[in-house]
Amino acid sequence: MNQHFNLTRFGLFLKYYWAENSRSYLISLGLVLGIMLLLMLPIVRSTHYNEMLFFLHALGWFGGVLLGGSLYTSTAFNAYASPERGVSTIMLPASRLEKFAAILLAHLFFVVLIYLVGYWLHDSLVALANQAIPNDMRLYSAAPYEVLLTLGFSYAILQGAVFLGSLYFPKNSLIKTLGILLVVVVLTFVFNLSLAYHFTGYPQNVMAFPFSPWNLFDGQRYLISYPSPISDVVKAFLGLVVVALVGITYVRLKEKEI
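What follows is the structure in structure tokens.
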């Protein structure tokens, strides 16, 4: 098969991939959205601020977006999970790049859709819940920009890692990938927290997540943010991590087909 990219072959393979997987993807999408609604909707029945209901709402939003997107992405390379299906996929009349681009585009559509729908549900339901609460009482707060930015980068890196893991691990790819990510996240969190304590003179309490501002409490609260140029570098670095994960996945696909 000619390995040069051809737009017509790409379109035909994308149609084939959608025909093969659309039913299961749409069913899974309905299941994910159903679980998100089940956890996020109860706050609209509030007559006052309820921490438990807001916790369930946040759990449905974060959990539904992060895990829902990961469930999709973990199936990206199911066709290569067994030798029989792998050989038949390799024999399809499309180049390696065309297959990879079609699979990437199909999963990118769903993971972006889940993220946007999750944010829309959060913003709409919080506004709706606040309409039933008197103005002189505490209201629910929609997620600020910093939280959305952190969630967005975390989501993108998670999907990039799961995308790679779906090809690297033939069996139980999601469990294995999440296990490795958990170890990496814990080590990164501990390292970042140690830096925060060291550079701030060991205050009473520090809340510091990787690549985000440090919150300190030492008699009073302080917020230490990155300078604007450093913040831009951090965002660029996180974006490069996602691109690198996708690039490594393509290299791994070349090795697997050989």
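Counting in this note's numbering, the sequence shown runs from 2 upward without gaps. For every residue, glycine included, the Cβ atom is placed at its ideal position computed from N, Cα and C.
Just verifying my parser: in three-state terms, what is the DSSP assignment at residue i?
i	result
Ile225	strand
Asn216	strand
Asn206	strand
Asp233	helix
Ile134	coil
Thr48	coil
Phe238	helix
Alpha carbon to alpha carbon, how far is residue i from residue j?
i	j	result
Ala103	Trp215	40 Å
Leu72	Thr9	29 Å
Leu27	Met37	15 Å
Asp219	Phe212	22 Å
Leu58	Pro228	The sequence given here places His at residue 58; Leu does not occur at that position. Each residue's alpha carbon lies about 33 Å from the other.
Asn51	Leu60	14 Å
Leu67	Leu159	8 Å
Ser142	Val243	30 Å
Tyr156	Val235	16 Å
Phe200	Pro94	58 Å
Glu153	Ala237	With the sequence shown as reference, residue 153 is identified as Gly, and Glu is not the correct amino acid for it. Their Cα atoms are separated by approximately 13 Å.
Ala144	Leu54	15 Å
Gln205	Tyr223	12 Å
Lys172	Leu241	28 Å
Gly70	Val191	26 Å
Arg97	Ala209	42 Å
Could you give the first and the last residue of the continuous alpha helix (DSSP H) run that contains residue i?
i	result
Met53	52–74
Leu179	174–200
Ala95	Counting along the chain, Ala95 falls outside any alpha helix (DSSP H), and DSSP gives it neither H nor E.
I'd like the list of long-range same chain contacts for residue i, defined as Cβ closer than 7 Å, with 5 residues on each side in sequence excluded.
i	result
Val185	none
Tyr198	Val207
Val45	Leu126, Leu129, Ala130
Please list, in chain order, all residues of the same chain as residue i whose beta carbon is under 8 Å from its beta carbon, the five residues on each side excluded.
i	result
Leu122	Met37, Leu38, Met41, Trp62
Thr74	His108, Val112, Gln160, Val163, Phe164, Ser167
Considering just the uninterrupted stretch of the beta strand (DSSP E) at residue i, what are its terminal residues?
i	result
Ala20	Careful: Ala20 lies outside any beta strand (DSSP E), inside the alpha helix (DSSP H) at 8–41.
Worksheet item: Could you give the uninterrupted runs of the alpha helix (DSSP H) lying entirely in the region 98–173, keeping only those of 4 residues or more?
Response: 146–169
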